[in-house]
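Asks:
Residue numbers (my numbering): 3 to 378.
#1: Based on the DSSP output, what are the partners of residue 422 in its beta bridges?
#2: Do you know whose CA, among 53, 178 and 156, lies nearest residue 91's CA?
#3: Taking all protein chains shown into account, decide if residue 257 is buried (16 or more other Cβ within 10 angstroms of its Cβ) or exposed.
#4: Work out the CA separation of residue 374 and residue 318 for me, nearest whole Å.
#5: Among 150, 126 and 185, whose alpha-carbon lies nearest the alpha-carbon of residue 139?
#6: Report all residues from its chain with a CB closer than 7 angstroms to the CB of residue 195; omit the five preceding and five following residues, and keep chain order.
#7: Does the count of Cβ pairs from the segment 343 to 358 and the segment 289 to 298 closer than 8 angstroms reach three?
#8: Decide if residue 224 is buried, meaning its Cβ has at least 16 other Cβ atoms within 10 Å, or exposed.
#9: Using 8 angstroms for Cβ pairs, my map puts residue 183 next to residue 210. What's the rounded Cβ distance?
#10: Only counting the same chain, and skipping five residues up and downstream in sequence, which positions put a Cβ closer than 7 angstroms to that of residue 327?
#11: Jot down the residue ranges of each uninterrupted beta strand (DSSP E) in the segment 212 to 292, minimum 3 residues, whole runs only, in chain order.
#12: What residue range does the beta strand (DSSP E) around residue 94 cover?
#13: When you compare only the Cα positions, how much space is there between residue 333 and residue 311?
#14: Whole angstroms are fine: how far does the CA of residue 43 sit from the CA of residue 86?
#15: Does the Cβ of residue 82 have 16 or more other Cβ atoms within 10 Å, making it buried, or fewer, making it exposed?
#16: Considering just the uninterrupted stretch of the beta strand (DSSP E) at residue 44, what are its terminal residues?
#17: Going by CA-CA distance only, name the one from 173, 79 and 340 that's closest to residue 237.
#18: What beta strand (DSSP E) runs, 3 residues minimum, are completely inside the segment 145 to 213?
#19: Which residues bound the alpha helix (DSSP H) around residue 358?
#20: Could you name the residues of the same chain whose beta carbon sits closer than 7 angstroms to that of residue 156, not counting the 5 residues immediately before and after it, in chain order?
#21: Can you give the Cα-Cα distance for residue 8 and residue 15, rounded to whole angstroms?
#22: What are the boundary residues of the beta strand (DSSP E) that residue 26 is part of?
#23: Please tell me whether residue 261 and residue 362 are closer than 9 angstroms, where the distance is taken between their beta carbons.
#24: Check for me: the alpha helix (DSSP H) holding residue 308 runs from which residue to which?
#25: Run the CB neighbour count on residue 58, radius 10 Å, all protein chains shown included, and call it buried at 16 or more, exposed below.
#26: Which residues does DSSP pair with residue 5 in a beta bridge?
#27: Within 10 angstroms of its Cβ, does residue 75 collect 16 or more other Cβ (buried), or is it exposed?
#28: Per DSSP, which one or two residues make a beta bridge with residue 85?
#29: Using only the alpha-carbon positions, how far apart do residue 212 and residue 175 sit?
#30: How should residue 36 be labelled, buried or exposed, when 16 other C-beta atoms within 10 angstroms of its C-beta is the threshold for buried?
#31: For residue 47, count neighbouring Cβ atoms within 10 angstroms of its own Cβ and tell me buried if that reaches 16, exposed if not.
#32: Roughly how many angstroms lie between the CA atoms of residue 67 and residue 190, to the nearest whole one?
#33: Can you tell me where the beta strand (DSSP E) holding residue 341 begins and where it ends?
#34: Quick check on the DSSP output: the beta strand (DSSP E) that includes residue 56 runs from which residue to which?
#35: Under DSSP, the alpha helix (DSSP H) around residue 135 begins and ends at which residues?
Spelled out as structure tokens, the structure:
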């Protein structure tokens, strides 16, 4: 994991415009021995090619491949602009992370930083944090334990003919994820779940909750329990209020008599239904494409993909089927890069709107053409 030194963080900076901010960052990289004179020209050129604004007030100015020979050693310099700097397209950057990379070492760093910065609450803190706190935030040292709910905690087509099987499976997965202890498992298995109707059941425990998480198991064939239909069990571990959002989406589906959607979707689809607004209209289309870029979706191809998506009016989400399975807003570069997409990963695009099919066609063409990079 990349280690960020406090000496590389500059708080309370100010700049009249983006170019001035980039020049400050470049000067710091030069002074730190990361780059030679002239690297700033590559940083400015990169900004002309495509914006380095990620979202949530974060920009990552860096050079072009033509100036890579000016990089002496890989490193970063972080500048905090409490008053903000206009970064184009109505976006304001409060933190600029200048990157110098000799080859592709920065890709792991970029994934690490974007994973941390994808938390909106942390991005807000970055504006005024001290250098020590800023470092801790960027390194993830001050993050609350991650809310755990991804496709690894969702089981479909479970060979079960009783609730005990589903209860034990969910509790076991939560324990393996470090979200609950043995007391939780014993409590859940020994207490009957609550029927929510439409084949959906809910279980939890007042004891043994170590971290907030959700597990879901769906029977391959629905069965009866005490005269009620059983198709799917949701088990919740709650150490704070973060599971409430998932329960809110579940409640909305039940209220609209749409729980059947949970019984037909695959694991990624269930995750999307319980973590985001998924269009229910007939014009919702999905498509899956494989990323062939050698280094996956880092900033440059990620920007190209987001740029294509922004050309259309449809709502589009992106899900890394070989990652967490969580859907991300296709219009947010930060969210897309934070998916951690590597070469060979399969992405599911869900589009809803009047130009949904055109959008998916354009996305397919862009991916096949390499998203601005050569692909085999």
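Every residue, glycine too, gets a C-beta built ideally from N, C-alpha and C. Just so you know, these numbers come straight off a predicted model, no measurement behind them.
Replies: Taking the geometry as given:
#1: Outside the shown range of the chain (3 to 378) lies residue 422, about which nothing can therefore be said.
#2: Indexing the chain shown from 1 puts residue 91 at position 89. By alpha-carbon distance to residue 91, the top candidate from 53, 178 and 156 is 53.
#3: On the chain shown, position 255 is the one that residue 257 refers to. It counts as exposed.
#4: As a first step, residue 318 is located in the chain shown; it is residue number 316 there, counting from the start. As a first step, residue 374 is located in the chain shown; it is residue number 372 there, counting from the start. Each residue's Cα considered, the two are about 21 angstroms apart.
#5: The residue given as residue 139 occupies position 137 in the chain shown. Checking every option, the nearest Cα to that of residue 139 belongs to 126.
#6: One-based indexing of the chain shown puts residue 195 at position 193. The beta carbon of residue 195 lies closer than 7 angstroms to those of 165, 169, 203, 204, 205 and 235 in the same chain, with the five residues before and after it left out.
#7: Contact annotation: the segment 343 to 358 touches the segment 289 to 298, with at least three C-beta pairs closer than 8 angstroms.
#8: Working through the chain shown from its first residue, we reach residue 224 at position 222. Looking at its Cβ environment, which holds fewer than 16 other Cβ atoms inside 10 Å, residue 224 is exposed.
#9: Residue 183 sits at position 181 when you count from the first residue of the chain shown. Residue 210 sits at position 208 when you count from the first residue of the chain shown. So it is a contact: roughly 4 angstroms between Cβ atoms.
#10: Reading the chain shown from its first residue, position 325 is the one you call residue 327. Close CB contacts of residue 327 within its chain, under the 7 angstroms cut and outside five residues either way in sequence, are with 152, 153, 269, 270, 273 and 321 (chain order).
#11: Within the segment 212 to 292, the complete beta strand (DSSP E) runs of at least 3 residues are 215 to 227, 230 to 239 and 286 to 292.
#12: For this step, residue 94 is matched to residue 92 along the chain shown. Per DSSP, residue 94 belongs to the beta strand (DSSP E) from 93 to 102.
#13: Within the chain shown, the letter at position 331 stands for residue 333. Within the chain shown, the letter at position 309 stands for residue 311. Between the C-alpha atoms of residue 333 and residue 311 there is a straight-line separation of about 6 angstroms.
#14: Your numbering for residue 86 matches position 84 in the chain shown. Your numbering for residue 43 matches position 41 in the chain shown. It is roughly 23 angstroms from the alpha-carbon of residue 86 to the alpha-carbon of residue 43.
#15: To locate residue 82, count along the chain shown from 1; it is residue 80. Burial call: buried.
#16: The residue you call residue 44 lines up with position 42 of the chain shown. For residue 44, there is no enclosing beta strand (DSSP E); the enclosing alpha helix (DSSP H) has its first and last residue at 41 to 51.
#17: Here the question's residue 237 lines up with position 235 in the chain shown. When only C-alpha atoms are compared, the closest one is 173.
#18: Under the rule that a run must span 3 or more residues, the beta strand (DSSP E) segments found entirely inside the segment 145 to 213 read 156 to 160, 196 to 199 and 202 to 206.
#19: Taking the first residue of the chain shown as position 1, residue 358 is located at position 356. DSSP places residue 358 inside the alpha helix (DSSP H), whose first and last residues are 358 to 370.
#20: Here residue 156 is taken as the residue at index 154 of the chain shown, counted from 1. If the five residues before and after residue 156 are omitted, its C-beta is found closer than 7 angstroms to the C-beta atoms of 218, 269, 272 and 273, all from its own chain and listed in chain order.
#21: Here the question's residue 8 lines up with position 6 in the chain shown. Here the question's residue 15 lines up with position 13 in the chain shown. Using only the alpha carbons, I get a separation of about 15 angstroms.
#22: Position 24 of the chain shown, counted from the start, is the residue given in the question as residue 26. No beta strand (DSSP E) holds residue 26; the alpha helix (DSSP H) holding it covers 20 to 33.
#23: The count along the chain shown starts at 1 and reaches residue 261 at position 259. The count along the chain shown starts at 1 and reaches residue 362 at position 360. Not closer than 9 angstroms, so no.
#24: To locate residue 308, count along the chain shown from 1; it is residue 306. Taken as a continuous stretch (DSSP letters only), the alpha helix (DSSP H) holding residue 308 covers 301 to 311.
#25: Taking the chain shown and counting its residues from 1, the one referred to as residue 58 is at position 56. Buried, since its Cβ has 16 or more Cβ neighbours within 10 Å.
#26: In the chain shown, counting from the first residue as 1, residue 5 sits at position 3. Bridge partners of residue 5: none, in fact.
#27: Looking up residue 75 in the chain shown gives position 73. Counting Cβ neighbours within 10 Å, residue 75 comes out exposed, since fewer than 16 surround it.
#28: As a position in the chain shown, residue 85 is number 83, starting the count at 1. DSSP, once it has assigned bridges, lists no residue as partnering residue 85.
#29: By one-based count along the chain shown, residue 212 stands at place 210. By one-based count along the chain shown, residue 175 stands at place 173. Per the coordinates, the alpha-carbon of residue 212 lies some 13 angstroms from the alpha-carbon of residue 175.
#30: Reading the chain shown from its first residue, position 34 is the one you call residue 36. Buried: at least 16 other Cβ atoms inside 10 Å.
#31: Within the chain shown, the letter at position 45 stands for residue 47. So residue 47 ends up on the exposed side.
#32: Along the chain shown, one-based indexing puts residue 67 at 65. Along the chain shown, one-based indexing puts residue 190 at 188. Looking at the two C-alpha atoms, the distance is approximately 56 angstroms.
#33: By 1-based counting over the chain shown, the position of residue 341 is 339. In the DSSP assignment, residue 341 falls outside any beta strand (DSSP E), carrying neither H nor E.
#34: Reading the chain shown from its first residue, position 54 is the one you call residue 56. That run of the beta strand (DSSP E) goes 55 to 57.
#35: Position 133 of the chain shown holds residue 135. For residue 135, the enclosing alpha helix (DSSP H) covers residues 133 to 140.
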